[in-house]
Each structure stands twice: as structure tokens, then as C-alpha cells.
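Chains as they are written, first to last, in the working numbering: chain H, 1 to 1010; chain C, 1011 to 1232; chain Y, 1233 to 1376.
Just so it is clear, CB atoms sit at the ideal spot from N, CA and C, and this is done for glycine as well.
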């Protein structure tokens, strides 16, 4: 059978873990035409992220951004989702693994279960899972949008099985359900098994578990969450009163000072603490005092520093640099006393709080360690997956890749990057010819609605607090009931959840709707999802109109709910007016060009090119300078000691010799046109101009090492950047032997008004160079003057090692910057303030190393942004389409970012993002055709006066006057701007989807008096 | 093509001030091509007029109709069903169209909304210039394809005059001297000799000299 | 006219201004709710007629929000839009509605703050100008 052949190991991947990382990997693979088995040990998917209230830095509700993916996972593509399932045994090797899976009984027939909740109401004791704080102890659904949307029963707790079976009207309860075991053959495996949260119960001094008002950050997220135990009311557990003073304690269980804690930094906690503090103020009460006790604020991701600054300046969150020793509880009030030693203080201070949140980090459970054992992959000393120095997602076993928290502690965007990277690596072991064409989505035939009176359905999301917290959605819905041609008007909760989509679909069919309005978020993100639902209900997808009542309503007018409600109704009225005139349209398609243009020949560009070439795609690699390399060319070793040079030379060799890669040096981008799948870019290669046709573009143009005019850099030979020092140590190691004092200054030219973000790599570079100096000259005294040491993840261990070896780390504030003078004898005089001693120190330094970091590649980024029409950040990095969930996709389809063109990052992080760009790109490249949409200009020949105005106005020279004497516009070439339509003096041209009467109707709706 | 330009709105406002319901006509021929009186211009004018009155509290009812050609009686006849309602007609067609409507509907006041300008050609998007004066006795064959009557400010038959300087006309320094153009073109054609020949005085009778003109195609008209 | 709340219609380009408005939402930037967005694929698609009709139906102000100079996804749409806006301004002046009620702004997709600022400024500007002379009448007529 053909189907069976496609499902052989040649085209199939096993993804272990259905959290955000696993889902992303599974979706990327499936969209690229691969067959995926996605398993999760839990009985619903979503992992840790679904328990978060909202995520930084956008403060979005996560359930909302995630549930479309969940719906995707459960709905389309070739993804076989198996919950309550684990790997029992693995045999074989890359390209041909055989895996035995075991599935625990759910005791529920998913086909029959309607999720009515009767079993739960009757037998609450049969529930086996509740998140930490949940007093409802209700469901095994974990959160309302859980997929699959069905209950799970713990039969061991059930006293009367017969009664339980009877209570289910659908007859879905299967008391004799047994564990099942299946064998699957796969070509490769992605392990996205996540991590668990550190249990602070091990640290008695904080009293978690004993003091009710001490909660972990995850418990706090649940308190904030609308689907949490308090239904989104911010109250403290002891007395359900609103807290007035909340403290966060950072590094609980991380950066290993306490007994039982882990030595590494958990990387995400600083940002989530900031987020929780901001959300507390923003969404609940501005007058709540929020205090964060921290060691170093590690906000080194893209634009995270700006977020930190906002927390300080706009929200007035208080930061105390100190690690509190103990929390005590007042036995009566249950208030909490924190004792701590402030920096530079000489006595313990004590403060009282109503609640304390412990920022707990991540760790690997013994279950995962056993899983690693069964898979035969090695773990590091901290039980995380032992990776490759330059390929984060590789494991010790070929064919098995990893991503997310199991690889190392990290936040969501990095997890998403690694997930896509793992997907692209996993694809290399599959047969490129076995791909299932993805263009084959099956939908029921479209109903012919021509001649029907409009029957409009109005569906309004509450998006939990996002909409429902500002306006009364019920009232909004009511105001549309009974309006002319409006047949249905109803609330749909989280419209984008799988169940709501199903409700929508059913409602369309039952009410014979032929026009649909969805009041929700932006059509930019969610229109395709709702369009698919229309198609599944047998309607043409263009019979949908979205009203953006969240992004342009409740989110921006939350401070004036009455007016927000008015505006929401108006926006919906406009949509209703417009949708009545919506017409069924047909998308135009064109063949997909499967070649890729990679711009930038540094490490990221080369890694992306190589991965693509391995997957069988042809790549043009355009490098501006005369040779491949970028910044990595001048780096000799990584912090961990890996040989960058050898790896780099091998990378260049492979890139230049691969038959699928054409390397063009001295190459600049001149012009560009087309859409994803059919781009044409003009290149200037040396003295010659040529055009390249390609379907996808990957931008890997890098960032530029910063060289600010500060601390005598460039004016004194003993002053150098960390990059210079790296080269110096490689070439002149002997010279270092004579050094007595070395000073390093961090954040030179970063975290300053001109370059406000953190450069991310400098702290680890300083630690690396300090350790290398000590290797050559153990007697050298090294002083690192820093603002916050940001050695995230396992880098922390090298920071610890540096301190053990005697490197002195001295903290400074921007107001009391160190000063440097030449003292005439080739050395330098450095003066700085020691905050612990509380006095100025003066040192004679043989070498001053400045951690100058990176700045955006302003000139190149500006040029390319202009040629390609791409958005950028203020500090000259390319701006991705969604900072959280789509960190490598650009907002223009077909463009992806890799490496430091996105933000400063290490070599391994750059490589991961390059591979991620490939993972994302192959979802497009696997299609045989591209969809050009339906929004094209159409000429009404009877009205055309053949005046040529459209012919002259079109920026793409598409219209022409045909042999019959009227203007003709080729839909396959029309770009859909509508300029011709607005210029036509005879009003003979309409842009489909934006026809004049539709825009007029929208205006009409706006001014309709109700 | 016949070119035209919309009249100032203030003038049009005064034209229609006495009326409450008007018929606003466009023409899908020349005035559409020169962007003076096609469907789009009709829409813009209608909207402008409505607002000009509504701000003073008056509701002006405008019906917009654009005919394929307003200078043909059959097309004009299409207006008949709509005429009853209208108190006056405002036409964005050229003078021919306006008159055809006026002729057919004797009892309705008809106002032109455009000034009909000239017979011209499109230089590029948005720019039209005069090319033909309809003199009834074409001389382009001997003037190198450039008309001295339509394009010379003084309609000289044996130019240029003393006001030609640097290829431009003394009437407007932006304007090309037609006779310079004629000379350049004749030279390019190797027909300099023709320039030497004196042209006789122009007989203006085939033009407007003998009153309004008419063409009768016997084979068609019979 | 103490309680005058202007209605401003913004024709926003999908690629820049509409995205910037979403961005303002993501960042929870507050701005007056008076501005109502109509999404267009490009401001070059905004017909002069659409702008006139917006005023005719009762808008107190109209804003055409386009991409930055040289950034038009369709190369010249924003340039075309600018000339349409100029022409409509003249018409509005001629009929006494006032060309200053129509504004053209340029911004990029990432400029959420700028969008919120524009929305605030335009609303305030139109508030100062008072209700459109067209609307004043139609509202009175509607109330009668």
C-alpha cells in the first residue's frame, strides 16, 4: 500500500515530548511533508508553557498564542499524537530505528467522549492530576484548551466502577482499558522531553510547603492565570486577601549556593520574575509593592534589557542586589519576614512581605535520565543531554536530536529555535523523495452560496482576560442578535482552541451560515486558522471577516472599558457590514521554486547552506567580502575549550565543496522582486550583474564587533577588546607570562543609551579569556569589573571556576564607571569603586580588556531592509514576526533570519538558529506549489475605456490592453496592491477581497447609528 | 481625443444651487481617458457637491450615470427613464455630449461640469497637450508631421517668427516652438528643401470660416 | 460641543501601519479609541473616492497610514497615496470641509509607539478642529 510505504522509517520521525518544543518540531516536520509520531507521557499536550499565565516580553497570554499550535497539532498534517505514552525500547540506527512505545490506559474512548464533565461531577475522587495549587481538583485536562479534549480516569481511586460507567451518557468509559504497546519504525528521533521545576521544599530556609504564602513562580503563574485556582484573582493563599507587598527571590535552586541546589543558571528566571512583577502591576494593582531580590539580572536575550529597563522606570519595580538568607513567618498574620544583607551594608536588614515568590529553576528528573538510558544518549554531569560543542541539538547518538530544556535551561524563543533546528537535522536522515506533498489538505466540497441571502454568524472570543477582562462579551454578543441577516451571535471563549473551532464549524453547518464574522485578535496571525474552519464547514474561506477587537480594541483601551466596549461593537458592526458583501474567491497557485538564497557567508550562513544542501536543496550563498567567515574567523576557542579554528576550517571546506552550494564572494544584493516561492534577486558579483531565482531567502548578515571610543581603546597598546585578547592569547601566549595585573571592564558600549541592549556574549568571553590567561600565567591577578555577570546556563560553572581560581569580580554601577589613564610606562592606571569595601581602588594594569560586544550591522541591515522590504529593530537587527513563538521567521513570508543578524549570540547559538531557519524554510520548500492568494485585480471589460492609466500605474507592469481592446491583468502575476483599481478613471477595476462596495460597506457599518 | 478639465467646484455649486435633485452624467469615452469625466470623477464630484450642500443643511440628491458615449443619441436615450426625477442635469462630458443631452431633453436645464479644452495626445500619465485644431485641411504631410496651426502660438504657416529662441516660443518659455520642431523633423527626413517652399495663405473656410460644419457619409447616411 | 468625540477613519496598510497598530496592542500602549482602522493591502489602493465617502458618511478626520518612504511593499503605493491625499485635500478645501482634516502619515511595522502617538495626535487635532461641518448637520438630522 502506498500509504504504508510513506509511513516507513524513510519518512518518519519520532518526537518525544509534546511541549512547545516538541510541538514546533513536529509541526515543522509535518509541514515539510514528513510523517510524525508525537508522544507525551502526560495525558494532554502542551508541557510547562501551558501553565504559564503570560510570557515575556510581550506579556501575551500563552494559552492564546499556543492553542493555535495545539489545534494544528491535533488537526491537520501527518502527526500521530499519542498521549500517556513512553518509549520502552530503542533498536537500530540513524535512518532505521525501531522503537517500542507503551501507552497507559486512559479508560476513556476519545471517539465517544464529549467532555461533558458528568464523570467529573459525579466522581471527583477519580481525578489523579492537579496542578500544585488547584483547589477545584477537577480535571485531568490541566487547562481548558487541553488537547485532546477529553477526561482521563484514575481507576485505582474509583470505589464503584459500575456507577462511574453509568454516569457517562456517551458510553465513553472503558473500565477494562489496558496498556498498549506498539512498535514504530522511524528514521530519526527528536527528544523534546523538557525538564521539571526545582522543588524548593529541599531548601527549608525558605519555608515552601510550610508557609502558605511562600509560592513558587509556577504557583504564582497559576494564581495569576484566569484558568487557575483563584480564577485569576490575585489573592494570597493563607487568607485569600489581596497582597500589598510581594517579593521575588531569584536563583532558588540555581547557581548552587544552597544545599541541594544545582550549580548552573536556569536562564529563564530573571525574565519571568520581571514579567510576573510587571503583570502584577499592570493587570492587578499598580500600588502593589514589588521587590526582586537578585544576584545578577540576566536579561541578555533580544530586547530583554529594554524590558528590564521598563520594569525599573515605568513600573517602579524595586530591585535589591542580595541573596536573602531566610524567610520567617509571623505565626498569626502569616506575613513573611525576609532577612538579607544589602550590598555594602554592614548589618542584616529585615523586611516584611505578604507573599514571597521563589524563582525556581529547572532540573532533570530521574525519569528523563532513565529515558536517556533507554535511548542510549549521554548526559552531562547535570543530567542534561550532552551536546556537541557546535551543534546544540545533536546528541551523542547519530540520528537522535534534542531541543528545549532537556538540552540546557533556556527560555521559550531559544526552545523554538532549537526545535526547528532539530527538525531540520532530523530530516537529513530521511529520504528526500519520500516526502508527502503537503498541498493535499482535504476539505469537503465548497457549498455554492451564490444567490443565497447572506446568513451571517457573529462569533466573539473572550480570549480570557484579554478581551473578556475589559468588555462584557455577553453584552457585545447580545447587541448583534436579531440584526438583519445576522442568524447567530455567540461567544466562543478561546476562539482559536480546537473545541471552539469545532463549535464554530458545527454552528456554520447547523445554521446554514454563508458569512462569518469572528471578533478576536489580528487577522495577521489568526485568519488562516479560522479560514480553515470555514473550509471544513464547506464554505469558501473568503466568506470570513475578522474584527480585530483585541489588538486594536481591548488591549489598547483597557484603561477606559466603556469606550472600549463601544469600539469593539463598532469594529464588529463594520465587519458584519463588510462580510455581507464577501464573495467566494479562488486562490491562484504557481509552481514553487525550491532554490534558496542565503545572504551572508559567516558561520550562520554557511551552516544554513550546508543543512539545506544536505536536504537536497540548491543554495546560492552570497558573501559581501572576498572570503567566507564573518566574526568567527578570528575566534580561537569556545568557553568550553572547543577548537573553533579547526571546526571553522572544516565548515568552510564542506561549504565550498558541496555540489548543491554555489558560493559567490564580493557579492552584493542590488534588487529584488516576487513573493515567497518565486523570488528573483539581482546580484552584483564582482563586476558582473546577475539574477537569481529562488523560493526562500535566509538572512545571515551578522552583527559587527563594537569598538566604542572609550577607555583609550585604539589609543593605548595595552587596551584591547575581548576579541583582540582572544587573538593575542593565541599568538603571543608567552607575553602573558609577564603580566601582573589584568583588568576587564564589562558592558563597554552595551547597555548604554547608544546601544541599549546586552551583547549577551561578553560575560562568557571575559570568563573564557580570564581562565586562559591563568592557564599561561597562574600568578596573574585578574579583575573583572562588571554590572551583572550574565553567564547563563552551564556558563555559570566557568564563572564559578574563575572565582575559585582567584579572579576578582567587582560590581560597578553606570553612575560610578571605572576610569582609565595611561601612566606613561606602557601600563595603565585603573581606578574603580569596590561596593563591598565601599572605597575606591587603584590598580596598575598590564592589560585592559574591554568587553565591547556587538552592534547591529547598521549599513547592511538598512540596505537589505530597503531592498527586501523587511522590518528592523531600532538597533539595526532584523525584526522577527513573533519574538516568542516564531523567532526565525520574518514577517514577509519566505524570509528567515539566522545568527547575529537577529541579535548577538554565541557560535553554537548561531548555528542552531541557522539550522532552525532551514527547519522553517523546508516547510515552504516542500510544497510543490505556492499559493498566491485570491486578492488580485479584476477588470470589468464592459467598463474599461482602454485608457492605459492602469498599464502605466502598475508598479509591476502587469496590465496590458489585449487584442479585444480592454485591459487584461494576469492573476498569476498580479501582486495585489490595488493601485490600478484606485487609479482607474472608469472604475472598471476591482481588487478582489477589497472591492469598493466592500470598503464602502465597512464605512457604512462604522457610521451606522444603533 | 477630446480633452477636458473639471470646472472649479465653486462654479458648479452655484449651477446646481437652485435644485434639489440632479442627474450627474459621465462619459466613458474621451473624458474618461483624460480623467476628467469618467465614473471616478463623477463619483468624486457627486461626493463633493453633496458635502458642499450638506454642510449648509441642504440635502442634494444626486443620481450618477456614466454613458458609454454621450455624443450619440442612442446612448443618450438610456437616460430617459431617469430624467423624470431630475430637476437639472450636470454633465461631465465634453461640449458635444452636453449638447446632445440638452437637445434630447428639451425641458431640463443642462450644465457642463467640465471645460472642453482641445484635441490632444497624452504625453505621459497625467499630461495631455494640444495637437490638432480641426482646421479641415490637414497640412501635416508637408510640415513634417507637426501641426503649425495647433502648436504654433501664432498659427503661422511660414514660421518661425522672430520670437523663436533656443527652440522655445516667446509666448511661453516652456513651450516648444512648433517651427523649430518642424525644421528638426524635416532635416531628419532629408526634406530641408520643403522648408524653403513658401506656403500660400491658409484657406480657413474648411475650418470654422464658413460656419458650423457637418460631415455626411452618403453610403451610411442614405 | 463639549462632549465632542471625533470619529477618525484610518486607512492602514497591511504591511506597516496595520501591523504597527497590532504592535501597539502587543505592547498595551493606550491611545484614544476614536481611530477606527480599515485595512488595505497598500495605501495605493485607497481610492480618492473612499476618502471622500468617509467624510460624506460622517468622519471628522481621515488618516492614510502608509509605509515609510522607499519601504512600500509594492514599490510606489505610498507615493501614489500621497498624491491622492493631496488631491482630496484640495477638494475638501474647495467645498469648505477643510483639507486639514485629512492626514497622511508614514510608519514601519515595528513602530507600535509611533502608531499610538499618531492616533493620539490626530484625535486631539481633530478634536480642536471640532466636528466636521458635514457631520454636524447629518447628526442633527439623525437626531431629529
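Residues that residue i contacts on chain C, provided the C-beta gap is smaller than 8 Å
| i | result |
| --- | --- |
| residue 987(H) | 1048, 1049, 1050 and 1053 |
| residue 1377(Y) | The requested residue 1377(Y) does not occur in the structure, where chain Y is confined to residues 1233 to 1376. |
| residue 1323(Y) | 1019, 1054 and 1058 |
Counted within 10 angstroms of its Cβ, other Cβ atoms place residue i as buried (16 or more) or exposed
| i | result |
| --- | --- |
| residue 242(H) | exposed |
| residue 1135(C) | exposed |
| residue 132(H) | For residue 132(H), the pLDDT reaches just 26, beneath the cut-off of 50, and the residue's location in the model is therefore unreliable, leaving the point undetermined. |
| residue 1343(Y) | buried |
| residue 519(H) | buried |
| residue 753(H) | exposed |
| residue 960(H) | exposed |
| residue 700(H) | buried |
| residue 780(H) | buried |
| residue 825(H) | exposed |
| residue 1020(C) | exposed |
| residue 216(H) | buried |
| residue 871(H) | buried |
| residue 135(H) | Legend: pLDDT at residue 135(H) = 28, less than 50; position of this residue unreliable, value from coordinates given subsequently. Label assigned to residue 135(H): exposed. |
Own chain partners of residue i with C-beta closer than 6 Å, once the 5 adjacent residues on each side are dropped
| i | result |
| --- | --- |
| residue 816(H) | 833 |
| residue 184(H) | 37 and 99 |
| residue 1159(C) | 1143, 1145 and 1165 |
| residue 533(H) | 501, 504 and 505 |
| residue 29(H) | 13, 36 and 423 |
Proximal residues to residue i (C-beta, below 7 Å), its chain only, five neighbours per side dropped
| i | result |
| --- | --- |
| residue 178(H) | 105 |
| residue 772(H) | 729 |
| residue 1226(C) | none |
| residue 939(H) | 966, 967, 968, 969, 988 and 989 |
Under 7 Å from the C-beta of residue i: neighbouring residues of chain C
| i | result |
| --- | --- |
| residue 1328(Y) | 1062 and 1065 |
| residue 1365(Y) | 1065 |
Residues near residue i in its chain [Cβ-Cβ closer than 8 Å; skip 5 each side]
| i | result |
| --- | --- |
| residue 1186(C) | 1161, 1177, 1178 and 1179 |
| residue 507(H) | 457, 459, 488, 490 and 513 |
| residue 587(H) | 931, 932, 933 and 934 |
Proximal residues of chain Y, C-beta to C-beta of residue i below 7 Å
| i | result |
| --- | --- |
| residue 1007(H) | 1289 and 1290 |
| residue 975(H) | 1306 |
Contact list for residue i against chain H, beta-carbon separation under 8 Å
| i | result |
| --- | --- |
| residue 1038(C) | 943, 945 and 986 |
(Q) If the cut-off is 8 Å on Cβ atoms, which residues from the region 1281-1299 of chain Y count as contacting chain C, listed in chain order? (A) Of all residues in the region 1281-1299 of chain Y, 1281, 1284, 1285, 1287 and 1288 have a Cβ within less than 8 Å of some Cβ in chain C.
(Q) Closer than 8 Å is the cut-off here; do at least three beta carbon pairs connect the region 994-1002 of chain H with the region 1059-1072 of chain C? (A) no
Q.
Any C-beta of chain Y within less than 8 Å: which residues of the region 305-327 of chain H qualify?
A. none
Q) Using a beta-carbon distance cut-off of less than 7 Å, what residues from the region 1255-1267 of chain Y approach chain H? A) 1256, 1257, 1258, 1260, 1261, 1262, 1263 and 1265
Q. Quick one, which residues of the region 1051-1081 of chain C are near chain Y if we go by CB-CB under 7 Å, in chain order?
A. 1053, 1054, 1057, 1058, 1060, 1061, 1062, 1064, 1065 and 1067
Q) Do the region 385-402 of chain H and the region 878-893 of chain H touch if we need at least three Cβ pairs shorter than 8 Å? A) no
Q: Using a Cβ-Cβ cut-off of less than 7 Å, list which residues of the region 881-909 of chain H approach chain Y; keep chain order.
A: 891
Q) Using Cβ-Cβ distances below 8 Å, what residues of the region 931-945 of chain H are close to chain C? A) 943 and 945
Q) Taking a cut of 8 Å between CB atoms, which residues from the region 1018-1036 of chain C lie near chain Y? A) 1018, 1019, 1020 and 1023
Q | Contact between the region 1046-1055 of chain C and the region 1089-1096 of chain C (3+ Cβ pairs under 8 Å) | A | no
(Q) Pairs of beta-carbons, one from the region 1286-1305 of chain Y and one from the region 1037-1047 of chain C, closer than 8 Å: are there three or more? (A) no
Q | At least three beta-carbon pairs within less than 8 Å, the region 285-300 of chain H to the region 265-275 of chain H | A | yes
(Q) Counting only Cβ-Cβ distances shorter than 9 Å, please list the residues of the region 950-981 of chain H near chain C, keeping chain order. (A) 952 and 953
Q) Per the contact definition of three or more C-beta pairs closer than 8 Å, is the region 716-725 of chain H in contact with the region 845-863 of chain H? A) Using a Cβ-Cβ distance cut-off of 8 Å, the region 845-863 of chain H and the region 716-725 of chain H are in contact, since at least three pairs of beta carbons, one from each stretch, lie closer than that value.
**Q.** Interface residues of the region 1168-1199 of chain C facing chain H [CB-CB below 8 Å]
**A.** none
Q. Counting Cβ pairs, one atom from each stretch, are 3 or more of them under 8 Å apart for the region 382-390 of chain H and the region 407-416 of chain H?
A. Contact between the region 382-390 of chain H and the region 407-416 of chain H is present, because at least three Cβ pairs lie under 8 Å.
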